[in-house]
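Chains as they are written, first to last, in our numbering: chain Z, 3 to 240; chain G, 3 to 240. Glycine is no exception: its CB is placed at the ideal position from the N, C-alpha and C atoms. Written below as structure tokens is the structure these notes are about.
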């Protein structure tokens, strides 16, 4: 599994990742093998977005990728390998879509808010056909087989640690109250994302984006440091 | 399907339900048939709590209920019938556990808070072995077959309407600000419940109850009417 540690780009307020190891598919595979593997994962990602990771089978992926089951198995001997790799590319896509932007606001609370703005509804902007495969995997965590469960829990941990890092930066910059409960705020914000996932995907609420943004703003307003020094420091960044 | 409309008991601030029709299993069935049916539904409810409604099969229910598959099918000819009936008894159990108490606080905001206190973590108190079958069904709504999806959506609607009714009562009693966005607040509170469901069940966060209660209190504090008249009206009920 690829191991990621988020860190802040101090120059831009952006987020980048330290990646723990090289991806195995870059080594010892032919170009055509890599193309096929990429096609399998792209099809798998679309299926995970449309139907949820739990419902993916070798057959469903093979059919959509115009391959035989054996063709899929040659790249992913176990279904768990395939599902873990799908989670991996989903996290990569999330990271590029949601964190790969220069917020242009110099970190702190404006960066946190900007990232949450981009995060809510990111799957549409990334061109996925349905809901967020990672959120659905987190929701179904208890029902996933062992190694896939670990991968989904690791993705959740990346999300939580990213939020915690952004919250801590906002506290350090005195944009949020110094006694802000970091773990609680990360729980609340991740909760809003999961609620938005259920609301927009399961319940088809056309107003889900607006409601989630409202909830984020309400929480932030309740713990925002409003003294003049903090306002000056942020230089009207919000 | 049993059709429910929540209404407030003005005397106690409690909630009760108008039930639209008689349950079919009370008519034209022998006592032993009713006992077997009840056993099937109890086993099914436990399985839905432990594994999710999506994963229930005739075989899994029959095995746990010490019946043949045919014995289950005799009561529920289609798997969809069984799953809808399981949702029905889950909603009944929720209603009895969470709404069947006299809050003793005369309605309004104290009642809303009291109900939310009881709601969060209700499945443990009701003796279910795992998570909330209704929350899991709502999360997996898109993946349920037609008639079961309708039943899960109806249960979600009962929850949402119950919250809206309690919120409106708190606004009428001037415990909450008059310009409170009722739909938004219901979205936020239901979202906290769903986040708690994921947090406690999928992520096994031992602190999920406390975090959810904190979130509820923060939202309520932000829209609580704090004028003296309202405080007097509530008579220190909180």
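Quiz item: So residue 180 (chain G) is in the alpha helix (DSSP H); what residue range does that whole segment cover?
Solution: Residue mapping note: residue 180 (chain G) aligns to position 178 of the second chain, counting from 1. From DSSP, residue 180 (chain G) is part of no alpha helix (DSSP H); its letter is neither H nor E.
Quiz item: When burial is assigned at 16 or more other CB atoms within 10 Å of the CB, is residue 40 (chain G) buried or exposed?
Solution: Position 38 of the second chain, counted from the start, is the residue given in the question as residue 40 (chain G). Residue environment: residue 40 (chain G) is assigned as exposed (fewer than 16 neighbouring CB atoms within 10 Å of its CB, all protein chains considered).
Quiz item: Is residue 170 (chain Z) near the ligand ADP, with its Cβ less than 8 Å from a heavy atom?
Solution: No copy of the ligand ADP appears in this structure; indeed no ligand is present at all.
Practice problem: Please compile the residues from chain Z whose C-beta is within a distance smaller than 7 Å of the C-beta of residue 141 (chain G). | Solution: Numbered from its first residue, the second chain carries residue 141 (chain G) at position 139. Here the neighbours are 141, 200, 204.
Exercise. Taking C-beta pairs closer than 9 Å, name the residues in chain G that residue 53 (chain Z) reaches, listed in chain order.
Key: Counting from one through the first chain, the residue named residue 53 (chain Z) turns up at place 51. Result: 144, 145.
Self-check item: 9 Å Cβ cutoff, residue 134 (chain G) in contact with chain Z
Solution: As a working note, residue 134 (chain G) is residue 132 in the second chain. False, the Cβ-Cβ gap to chain Z never drops below 9 Å.
Quiz prompt | Inter-residue CB distance, residue 92 (chain Z) and residue 136 (chain Z) (contact presumed, cutoff 8 Å) | solution = Residue 92 (chain Z) sits at position 90 when you count from the first residue of the first chain. Residue 136 (chain Z) sits at position 134 when you count from the first residue of the first chain. Sure, about 5 Å apart at Cβ, within 8 Å.
Self-check item: Those runs of the alpha helix (DSSP H) which lie wholly inside the region 66-117 of chain Z and span at least 4 residues
Solution: Complete alpha helix (DSSP H) runs here, min 4: 71-77, 81-96.
Quiz item: Can a CB atom of chain Z be found closer than 9 Å to the CB of residue 190 (chain G)?
Solution: Here residue 190 (chain G) corresponds to residue number 188 of the second chain, with the count starting at 1. Residue 190 (chain G) counts as touching chain Z.
Quiz item: In terms of alpha-carbon separation, which member of Z:61, Z:182, Z:171 lies closest to residue 221 (chain Z)?
Solution: For the purposes of this step, residue 221 (chain Z) is taken as the residue at position 219 of the first chain. Checked all of Z:61, Z:182, Z:171; the closest Cα to residue 221 (chain Z) is Z:182.
Quiz item: chain Z partners of residue 193 (chain G), CB-CB under 9 Å?
Solution: Along the second chain, read from residue 1 onward, the residue named residue 193 (chain G) stands at position 191. Here the neighbours are 193, 194, 196, 197, 198, 200, 201, 213, 214, 217.
Exercise. Quick one: measure Cβ to Cβ for residue 52 (chain Z) and residue 112 (chain Z), integer angstroms, because I've assumed they're closer than 8 Å.
Key: Along the first chain, read from residue 1 onward, the residue named residue 52 (chain Z) stands at position 50. Along the first chain, read from residue 1 onward, the residue named residue 112 (chain Z) stands at position 110. With 8 Å as the limit, residue 52 (chain Z) and residue 112 (chain Z) do not qualify as a contact, their Cβ atoms being about 34 Å apart.
Quiz item: Within the chosen definition, does the region 161-173 of chain Z reach the region 156-172 of chain G through at least 3 CB pairs nearer than 8 Å?
Solution: no
Quiz prompt | Nonlocal neighbours in the same chain, by C-beta distance under 7 Å from residue 75 (chain G), ignoring five residues either side | solution = As a working note, residue 75 (chain G) is residue 73 in the second chain. Contacts found: 60.
Quiz prompt | Beta carbon of residue 50 (chain Z) nearer than 9 Å to that of residue 155 (chain Z) | solution = Taking the first residue of the first chain as 1, we reach residue 50 (chain Z) at position 48. Taking the first residue of the first chain as 1, we reach residue 155 (chain Z) at position 153. The answer is no: Cβ separation not under 9 Å.
Practice problem: Buried or exposed for residue 68 (chain G), please, with buried defined as at least 16 other CB atoms from any protein chain shown within 10 angstroms of its CB. | Solution: On the second chain, residue 68 (chain G) is found 66 positions in, with the first residue counted as 1. That one is exposed.
Exercise. Answer with yes or no whether the minimum CB distance from residue 207 (chain Z) to chain G is below 9 Å.
Key: Translated into the one-based positions of the first chain, residue 207 (chain Z) becomes position 205. Among the residues facing chain G, residue 207 (chain Z) is included, as its CB has a counterpart in that chain under 9 Å away.
Quiz item: Closer than 7 Å, Cβ to any Cβ of chain G: which residues of the region 168-192 of chain Z, in chain order?
Solution: 186, 189, 190
Quiz item: Between the region 203-215 of chain Z and the region 206-226 of chain G, are three or more C-beta pairs nearer than 8 Å?
Solution: Counting C-beta pairs closer than 8 Å gives fewer than three between the region 203-215 of chain Z and the region 206-226 of chain G, which falls short of the contact rule.
Self-check item: DSSP-derived helix/strand/coil call for residue 142 (chain Z)
Solution: Along the first chain, one-based indexing puts residue 142 (chain Z) at 140. DSSP places residue 142 (chain Z) in coil when its eight states are reduced to three.
Self-check item: Below-9 Å beta-carbon distance, residue 152 (chain G) vs any chain Z residue
Solution: Start at 1 with the first residue of the second chain, and residue 152 (chain G) comes out as number 150. Not closer than 9 Å to any Cβ of chain Z, the Cβ of residue 152 (chain G) fails to qualify, so no.
Practice problem: Could you tell me how far apart the beta carbons of residue 227 (chain Z) and residue 178 (chain Z) are, in whole angstroms, since I believe they sit closer than 8 Å? | Solution: Numbered from 1 along the first chain, position 225 holds the residue referred to as residue 227 (chain Z). Numbered from 1 along the first chain, position 176 holds the residue referred to as residue 178 (chain Z). Indeed, because the Cβ distance is near 6 Å, the residues count as touching under 8 Å.
Quiz item: So which residues on chain G does residue 57 (chain Z) lean against when the C-beta distance must stay under 7 Å?
Solution: Position 55 of the first chain, counted from the first residue, corresponds to residue 57 (chain Z). What residue 57 (chain Z) touches in chain G: 145.
Exercise. Please classify residue 226 (chain Z): does DSSP put it in a helix, a strand, or coil?
Key: Start at 1 with the first residue of the first chain, and residue 226 (chain Z) comes out as number 224. Reduced to three states, the DSSP call for residue 226 (chain Z) is strand.
Practice problem: Could you please give the first and the last residue of the uninterrupted alpha helix (DSSP H) stretch that includes residue 42 (chain Z)? | Solution: Locating residue 42 (chain Z) in the first chain gives position 40, counting from the first residue. Unbroken alpha helix (DSSP H) run through residue 42 (chain Z): 33-53.
Practice problem: Please look up how many angstroms separate the CB atoms of residue 196 (chain Z) and residue 197 (chain G), rounded, as I've assumed it's under 8 Å. | Solution: Residue numbering aside, residue 196 (chain Z) sits at position 194 when the first chain is read from its first letter. Residue numbering aside, residue 197 (chain G) sits at position 195 when the second chain is read from its first letter. About 6 Å; that satisfies the 8 Å criterion.
Exercise. Hey, could you find the ends of the alpha helix (DSSP H) residue 206 (chain Z) is sitting in?
Key: The residue given as residue 206 (chain Z) occupies position 204 in the first chain. From DSSP, residue 206 (chain Z) is part of no alpha helix (DSSP H); its letter is neither H nor E.
Quiz prompt | Through-space distance from residue 158 (chain Z) to residue 85 (chain G), alpha-carbon basis | solution = The sequence position of residue 85 (chain G) within the second chain is 83, counting from 1. The sequence position of residue 158 (chain Z) within the first chain is 156, counting from 1. Rounded to whole angstroms, the separation of the alpha carbons of residue 158 (chain Z) and residue 85 (chain G) is 30 Å.
Quiz item: Cβ of residue 88 (chain Z) less than 9 Å from any chain G Cβ?
Solution: For the purposes of this step, residue 88 (chain Z) is taken as residue 86 along the first chain, with counting starting at 1. It does not: the Cβ of residue 88 (chain Z) has no partner Cβ on chain G nearer than 9 Å.
Quiz item: Between residue 2 (chain G) and chain Z, is there a C-beta pair that is closer than 9 Å?
Solution: Coverage of chain G is limited to positions 3 through 240, which leaves residue 2 (chain G) absent and any answer about it impossible.
Exercise. Pick helix, strand or coil for residue 1 (chain Z), following the three-state DSSP scheme.
Key: Residue 1 (chain Z) lies beyond the stretch modelled for chain Z, which goes from 3 to 240, so this question has no answer here.
Quiz prompt | Straight-line Cα distance separating residue 117 (chain Z) from residue 26 (chain G) | solution = As a position in the second chain, residue 26 (chain G) is number 24, starting the count at 1. As a position in the first chain, residue 117 (chain Z) is number 115, starting the count at 1. Because residue 26 (chain G) sits at a pLDDT of 41, beneath the cut-off of 50, its placement in the model cannot be relied upon, and the point is left open.
Self-check item: DSSP three-state assignment for residue 125 (chain G), whether helix, strand or coil
Solution: Reading the second chain from its first residue, position 123 is the one you call residue 125 (chain G). Residue 125 (chain G) falls in the helix class under three-state DSSP.
Practice problem: Determine whether the Cβ of residue 29 (chain Z) lies closer than 9 Å to any Cβ atom of chain G. | Solution: As a working mapping, residue 29 (chain Z) is identified with position 27 in the first chain. Below a pLDDT of 50, predicted positions are generally treated as unreliable, and residue 29 (chain Z), at 49, falls in that range; the measurement from the model is reported next regardless. Residue 29 (chain Z) does not count as touching chain G.
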